[in-house]
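Let me begin by presenting the structure, written as structure tokens, before commenting on it.
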Amino acid sequence: MIPKNQLLFFIDKDYDNVGSLQPCYEGVYQTDFYSIENFYTSSEVIKRIVEEEIGYNRGSIEFNELVSKYEKLHQSFIDKLTDYNLFSMLCIKYGFQLKFEEFNIINCIIIKDFSIELINAGIDGKPLYDIDIDYLITRYEIQLVKKIRKLKNEGNDVSRFIGLLNLFKCKKRGIKRFIQYYKQTESFDINYFFRGKEDFKFLVNFLRQTEFSYGCKTNLSLNSPEKTLLSHLAKHAITSPSLLSYFEEKISK
1 MIPKNQLLFF
11 IDKDYDNVGS
21 LQPCYEGVYQ
31 TDFYSIENFY
41 TSSEVIKRIV
51 EEEIGYNRGS
61 IEFNELVSKY
71 EKLHQSFIDK
81 LTDYNLFSML
91 CIKYGFQLKF
101 EEFNIINCII
111 IKDFSIELIN
121 AGIDGKPLYD
131 IDIDYLITRY
141 EIQLVKKIRK
151 LKNEGNDVSR
161 FIGLLNLFKC
171 KKRGIKRFIQ
181 YYKQTESFDI
191 NYFFRGKEDF
201 KFLVNFLRQT
211 EFSYGCKTNL
221 SLNSPEKTLL
231 SHLAKHAITS
241 PSLLSYFEEK
251 ISK
């Protein structure tokens with residue numbers, strides 16, 4: 001049996017709780033960000049990808065253009081999904097179960113000509129002005145009603161989801177007030193809450209746009225499963241100081 005002090009334990013920050021009261025586990029490394037995918041989307045990572053996976057040398061016109069476009073577009077992406085990420089956190093906290101694949105917010109965002117367009121994906125497909133909390137509340141109710149109708153037509157019991165919808169309607173004003181308040185606090189940092197899966201999908205979509213617009217080819221198969229892409233890009237992911245400290249602590253014991 002391997003001695004306990006030689007074992008390494010890793011969990012995502014969203015493993016057990018959400019918000020500022022996230023518990024700590026002795027001897028366990030918790031990611032600095034919401035999940036492991038967030039380590040793949042920083043400016044330094046895109047620089048490594050552009051250089052090593054696409055082939056543009058640092059300092060070249062193409063390299064500087066792509067890094068600049070990524071930084072600008074990524075910040076816009078984060079800004080547009082700030083309410084969504086806080087909303088997702090509260091849905092988990094209050095147990096409003098609707099699979100994020102069903103909520104499907106990532107398909108509301110389209111990268112076109114290195115700019116972001118918003119559409120009401122999965123509902124009417126019309127352009128959107130913003131993905132704010134009012135839109136998210138409406139979308140959640142619409143998607144949950146669609147789920148109830150689908151399950152009912154299939155002959156399934158829908159009482160749990162009807163109860164969920166009623167509870168959500170009672171809580172939605174409180175959710176809206178909490179998000180508005182939280183965004184006004186000085187210590188607010190959306191990076192703490194930003195869901196890694198959507199962030200990583202943004203990176204992949206940016207690389208697809210790069211291949212199309214620049215007529216280049218990355219060393220990546222961008223249609224591969226996320227797990228495959230994460231594995232291939234692991235060498236470019238950032239290593240946080242807290243992770244290094246965790247390794248050093250384990251080695252010293």
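Quick note on the UniProt record's numbering: the sequence shown kicks off at 1 and runs consecutively.
Every residue gets a Cβ at the ideal spot worked out from N, C-alpha and C, and that includes glycine.
Every value quoted in this text rests on a predicted model; they were computed, and no experiment measured them.
Can you tell me whether residue i is buried or exposed, with buried defined as 16 or more other CB within 10 angstroms of its CB?
i      : result
Leu21  : Here the model assigns Leu21 a pLDDT of 41, short of 50, so the residue's position is not dependable and the matter cannot be decided.
Gln180 : exposed
Leu209 : This sequence places Gln at residue 209; Leu is not what is there. Answer is buried; the Cβ neighbour count reaches 16.
Lys172 : buried
Ile61  : exposed
Asp134 : exposed
Gly196 : buried
Glu226 : exposed
Gln75  : exposed
Cys91  : buried
Cys108 : buried
Glu117 : exposed
Arg58  : exposed
Against chain B, with Cβ distances strictly below 8 Å, would residue i count as a contact?
i      : result
Gly155 : Absent from the structure: chain B. Only one protein chain is present.
Quick one: what does DSSP say residue i is sitting in, helix, strand or coil?
i      : result
Glu117 : strand
Lys47  : helix
Lys217 : coil
Val145 : helix
Pro225 : coil
Val28  : strand
Val18  : No answer about Val18 holds up, because its pLDDT of 46 lies below 50 and its placement is not dependable.
Whole angstroms is fine: what's the gap from residue i's alpha carbon to residue j's?
i      : j      : result
Asp132 : Phe77  : 13 Å
Leu86  : Lys112 : 26 Å
Gly19  : Gly215 : Any reading at Gly19 needs caution, since the residue's pLDDT is 46, under 50, leaving its predicted position unreliable; the model's value is listed next. Between Gly19 and Gly215, the C-alpha separation is close to 43 Å.
Glu154 : Ala237 : 44 Å
Thr185 : Phe178 : 11 Å
Phe63  : Ile142 : 43 Å
Leu151 : Met89  : 26 Å
Glu65  : Phe114 : 11 Å
Ile119 : Lys93  : 27 Å
Ile123 : Ile175 : 23 Å
Ile190 : Thr82  : 6 Å
Asn223 : Phe206 : 13 Å
Arg149 : Ile162 : 10 Å
Given the structure, does residue i come close to the ligand GTP, in the sense that its CB is under 7 Å from one of the ligand's heavy atoms?
i     : result
Tyr56 : This structure does not include the ligand GTP; it has no bound ligands of any sort.
Could you check where the beta strand (DSSP E) with residue i kicks off and where it finishes?
i      : result
Ile110 : 109–112
In terms of residue numbering, what span does the alpha helix (DSSP H) encompassing residue i cover?
i           : result
Gly174      : 159–184
residue 294 : Past the edges of the chain, shown from 1 to 253, lies residue 294, and the structure says nothing about it.
The segment 196–215 contacting the segment 38–52, beta-carbon criterion three pairs below 8 Å:
yes
Cβ contact (3+ pairs, closer than 8 Å) linking the segment 46–61 and the segment 206–226
yes
Tell me, please, whether the segment 232–243 touches the segment 103–110 by the rule of three or more beta-carbon pairs shorter than 8 Å.
The way I'd put it, the segment 232–243 doesn't touch the segment 103–110; fewer than three beta-carbon pairs between them come closer than 8 Å.
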